[in-house]
Amino acid sequence: MTSRPDPLRRLYRALLALYPGAFRDRYGEELLDAFDDRRSEGRFRGPWGGIRLGVFLLKDLARSLPMARRYSHTRTKSDHRTTSVEGIMGDFIRDLKYSFRMLVKSPVFTVAAVTTLALGIGLNAATFSAVSGVLLRPLGGTENPEELVQLYREWPGIEWGSNSVPHYQDLRDRSGEVFENMALWTFAPMSLSADERSERVVGVVVSANFFQTFGARPVLGRSFIPGTEDTGPGGHPVAVLGHGFWEARFGADPGVIGSTIILNGSPFEIVGVSNPEFRGPANYASVPIYVPLMMLETIRPGSELLVQRGNNSMSAVARLRDGVSLEQAQDRIDAVLAQLGEEYPDHYEGQLGTRIIFSNEAGIHPSFGAAQSGMSAVMMAVVGLLLLIACVNVANLFLARARDRRQEMGVRLSLGAGRGRIMRQLLTESLLFSLLAGAAGLGLAQVATGLLSNFQPPIDGPWAMDVAIDGSVLWFTFGVSVAAGLVFGMAPALQSARASTVAAIKGSASDRAGSSRTSSVLVVVQMALSLILLISSGLFLRSLQGAMRIDPGFEAPSNLAMAALDPGLQGYDQPSTEAFYARLLERIEAAPEISSAALVRTAPLSLGSSDRGVAIPGYEFAEGERNSLFYTEVSEGYFETMGIDLLEGRAIARSDDTEGAPVIMVNRRFADRFWPGESAVGRIVQTAGADREVIGVVETGRYNSLGEDPAEFMYLSHHERFRSDMTIVARTPSDPQGALQAIRRLVRE
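Read in order, the letters of the sequence shown correspond to residues 9 to 757 in our numbering.
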């Protein structure tokens, strides 16, 4: 006896006849098995279950039949062109159109995925833009920047030292066969007055051949004239404006050429405006104004830089001649140094040489080489980690959507689509999402770079980061976007492509379990990445706390107020400047907000300490031992105001001026190095052009930064060595802001 055929099964078999023959032959039996499994579900049992099943079959037929016929037709044609470029491009365009439809179909999903990725990509683009602008990008507005080199003097313990004017002049005049030009420059604060308005700017004092060396042509007027404006100190009061400053301060008025401005109380004629791409001698600067080196004494009253061979505070840059290698230039400089050592033995004794490096390898400064490279690597690693976390988040979103599209993928597989074809389609969707996120990320990066360009570090100088979205940033962002699309799209694509055809159509538990396993793995990866980021943040905070606990060598920095002054910018000469400081200190110390006050040339922890060569009678420096040590000039009351412990002898007094014998104070480390176990008071230190008697020893502190190693340090009397630019330090028993306001009020009065 035969069993009666199931009418619903016969109906379903009949409906399968509507599909293409090749599809029926390949998947017919599997689909019948899937139909039987579906019928066994609880919702399709009972009298109403058959009706529900029928409705389900009709809906499934309406959805899949057009796709089956269309795909079968396309499949037949594609068999003849899958390997052709035309066929591949056609498939890609169809994938792109389909991906765009899916993107529009799920706006909430699209916004969530694109926003998450855009944040990560934008951070990476902004960080790369900053690193590229300061460290990687060639100096703008120059001719053949790859020919530019920088020259640094090398002493024991000083690897990247500056140059003096006489030293530079000798190098320039004796190395013409390897250098086409050699220029000198240094930053200098100036008081600029024009159109009845005054302001303080930090300009650059340059040799007359500065612009010719860089190959930076002015956009208006002329630059300085070598051979004319580099002779005769004080005889060439001319200036070139930086392009950005010309636009901001003078409204881009071309009529400014030939007009007069007042710098430090002296008239200067504006003769030119630099081109907009040339912002200055370094990528981190935007120079407002340039003046000739021969006007240095006008800019810095009392300065003797033009004649002091031992005063190394200038930067030197040169342009190699055609066909000259860096090694040939170095050989010539070494020969010149040997000559100078014979001519000026006192100034060149102990010098190890002058190092030459390409300008595009110097970064901010070669002495920061490891630090700047390490910091850049850390920054890129952190934002890269954030992008990976964003990719894992988006991958989980795509996995969740892939679970909702199981049946769609099953139907497409059953219609003959290859698994590689499915993967390509899904990866195209991922790439479309990531490229949209990349475009949005560029918008965020544009905002971030604008903020970075306006950032002013708390250091005196024309600092301005040349941060912009240029071609290199666009290519970087494109590469990051594509990589992100592949990273977050690969797992969902593999999951969908590996799925069993029938299991995908049925939505079986095994298929759901596989998806859940992948999602769980991604969650673990996300947690691991987040943990790495958390640990890194914790280590950073711990280092920050450790830095805050470092003893700077002076008491209660929170009760100190500091203010930088330079009466020379207002045209004060040496006698009037000294009288101004004397009166100001008396009035400040009498103010109720202030308990004590003093003057110092360089504020502690300001990265601005200078160094000088020293000789100690009876002490022989070993080969390679550093003999150039940091120093500053201070007034009476400095150590009391700063809370620096006096260990031996006395402190600098008002009477330690040019009328008396030259004196010096040193820190404990200095005394222990040169006179271990003995008293330092009464000893002689030969430095700053004199034999100086040690009158006191103070505790060792931190002078340039909290992270520096303990170092030898010297203190000279401000009254003996005149400086126009000084810093007032004031101790207050209460709020430092109140002390600062009192100082400002007294300066104005």
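C-beta atoms are modelled at their ideal positions from N, C-alpha and C, and glycine is treated no differently. Source: prediction; values computed, not measured.
Item: For the segment 730 to 750 against the segment 566 to 581, do three or more pairs of beta-carbon atoms, one drawn from each stretch, fall closer than 8 Å, so that the two count as touching?; Value: yes
Item: Quick check on Gln347: buried or exposed, where buried means 16 or more other Cβ atoms within 10 Å of its Cβ?; Value: exposed
Item: Contact defined as beta carbons within less than 8 Å: I believe Ser137 pairs with Thr457. What is the distance between those atoms, to the nearest angstrom?; Value: 5 Å
Item: Please say whether Pro234 and Phe629 have beta carbons closer to each other than 9 Å?; Value: no
Item: Helix, strand or coil for Gln359, going by three-state DSSP, please let me know.; Value: coil
Item: Do three or more CB pairs link the segment 307 to 320 to the segment 224 to 239 at distances below 8 Å?; Value: no
Item: Terminal residues of the continuous alpha helix (DSSP H) containing Leu125?; Value: 115 to 139
Item: Report yes or no: is there a C-beta of chain B within less than 9 Å of the C-beta of Ser489?; Value: The question asks about chain B, but that chain is absent: this structure has only one protein chain.
Item: Taking all protein chains shown into account, decide if Trp193 is buried (16 or more other Cβ within 10 angstroms of its Cβ) or exposed.; Value: buried
Item: Are Gly250 and Ser282 closer than 9 Å when you measure CB to CB?; Value: yes
Item: Tell me whether Asp339 sits in a helix, a strand or coil according to DSSP, three-state version.; Value: helix
Item: Is DSSP giving Gln158 helix, strand or coil here?; Value: strand
Item: Can you list, in chain order, the residues of its chain with a C-beta nearer than 7 Å to that of Leu19? Leave out the 5 residues immediately preceding and following it.; Value: none
Item: Please state the DSSP three-state secondary structure of Ala651.; Value: In the sequence as presented, Ala is not what sits at residue 651; that position holds Gly. Residue state, collapsed to three classes: coil.
Item: With a cut-off of 8 Å on the beta carbons, I'd call Leu159 and Ala324 a contact; round off their distance for me.; Value: 4 Å
Item: Give me the Cβ distance between Ser172 and Gln316, rounded to the nearest whole Å; I'm assuming they're in contact under 8 Å.; Value: 6 Å
Item: Here's the rule: buried if 16 or more other CB atoms are within 10 angstroms of the residue's CB, otherwise exposed. What is Leu637?; Value: buried
Item: Using beta-carbon positions only, say whether Val210 and Pro226 come within less than 9 Å of one another.; Value: no
Item: Which of the three DSSP states is assigned to Asp519 in this structure?; Value: Per-residue confidence for Asp519 stands at a pLDDT of 49, beneath the threshold of 50, marking its modelled position as unreliable; no derived number is given.
Item: The beta strand (DSSP E) spanning Ser183 covers which residue range?; Value: Counting along the chain, Ser183 falls outside any beta strand (DSSP E), and DSSP gives it neither H nor E.
Item: Whether or not the segment 698 to 705 and the segment 654 to 669 are in contact is what I'm after, with contact meaning three or more pairs of Cβ atoms, one per stretch, closer than 8 Å; do they touch?; Value: yes
Item: My parser needs the beta strand (DSSP E) runs of 3 or more residues fully inside the segment 185 to 244; what are they?; Value: 187 to 202, 205 to 214, 226 to 229
Item: For Ala501, which option in Asp41, Val455, Ala403 has the closest C-alpha, if you only look at C-alpha atoms?; Value: Ala403
Item: Once DSSP output is grouped into helix, strand and coil, what is the label at Asp743?; Value: coil
Item: For a test of the three-state rule: what should DSSP assign to Leu314, helix, strand or coil?; Value: coil
Item: Beta carbon of Met722, beta carbon of Val608: below 9 Å?; Value: no
Item: Given this structure, state the Cα-to-Cα distance separating Phe441 from Phe108, to the nearest angstrom.; Value: 9 Å
Item: Are the beta-carbon atoms belonging to Glu563 and Met650 less than 9 Å from one another?; Value: yes
Item: Taking buried to mean at least 16 other C-beta atoms within 10 Å of its own C-beta, is Asn152 buried or exposed?; Value: exposed
Item: With a threshold of 16 other CB atoms inside 10 Å of the CB of Leu156, please say whether the residue is buried or exposed.; Value: buried
Item: Looking at the secondary structure, which residues open and close the alpha helix (DSSP H) in which Trp254 lies?; Value: 251 to 258
Item: Spatial neighbours of Arg520 within its chain, please: C-beta separation below 6 Å, excluding the five flanking residues on both sides.; Value: Because Arg520 carries a pLDDT of 48, less than 50, the predicted location of this residue cannot be relied on, and the following value inherits that uncertainty. For Arg520, where only same-chain residues beyond five positions count, there are no Cβ hits under 6 Å.
Item: Is Asp581 helix, strand or coil by DSSP?; Value: coil
Item: What is the rounded straight-line gap between the Cα of Ala42 and the Cα of Leu396?; Value: 40 Å
Item: Contact defined as beta carbons within less than 8 Å: I believe Phe253 pairs with Pro296. What is the distance between those atoms, to the nearest angstrom?; Value: 4 Å
Item: So is Ala293 buried or exposed if we call it buried at 16+ other beta carbons inside 10 Å?; Value: buried
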